[in-house]
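Residue numbers (this note's numbering): 3 to 216.
Reviewing the structure listed below.
Below is the structure:
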């Protein structure tokens, strides 16, 4: 989750037809000064497609450990789209666990499927609204092309997000030391959620890492 870069950060609700798979689109404008410290990116089970300035779009995969990221130069426009846990397979065409831990170019994963987005982003220039519209439009097209949704993991991800809200804070300091996802989140909460979702605990622990990557 890229939020803490001495940036002007804004989130935008996705179009209604994308809401089950897309958490938000977002933008940042870097205000970092020279020598600004690296910021911790805490694992949250979400994947993003991120466009830094004029660079090619990258996938920020669901991190397995905390990542320390240096802030981009002042004035850098960053646009992104954040996918909900479980959405990677349908939109990107691979299991989340297959993605490198942290960042890889979108084209390296999606090949020619990414080319229309690359062209739209080049045409958008520094217009954040056009960049975010291009990202949302590309995600919509991928969902239209692949109708096999991972409803189980999407539902469980939403349940876990709600259930974890009251217990995640104490782990933030530990997570900042690059420790893996807290056992209480992986185990203590997952048993009841697996039960509510109508699957076994074993099924849960097989399905979740494949689709979410953590």
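Cβ coordinates follow ideal geometry from the N, Cα and C atoms, glycine included.
Restricted to the segment 15 to 61, not a single alpha helix (DSSP H) segment is unbroken, complete and at least 4 residues in length.
Here DSSP, grouped into helix, strand and coil, assigns residue 111 to helix. A Cβ-Cβ distance of about 6 Å is found for the pair residue 58 and residue 107, placing them in contact under the 8 Å criterion. A direct Cα-to-Cα measurement between residue 133 and residue 83 gives close to 10 Å. Taken in chain order, the unbroken stretches of beta strand (DSSP E) that lie wholly in the segment 62 to 131 and span 3 residues or more are 69 to 71, 79 to 85, 105 to 107. Note on geometry: alpha-carbon atoms of residue 100 and residue 31 lie some 30 Å from one another. Within its own chain, the residues whose Cβ lies closer than 6 Å to the Cβ of residue 90, once the five positions on either side in sequence are excluded, are 49, 98, listed in chain order. When the Cα atoms are used, residue 17 and residue 145 turn out to be separated by approximately 13 Å.
Shortest Cα-Cα distance from residue 115 to any of 73, 102, 93 involves 93.
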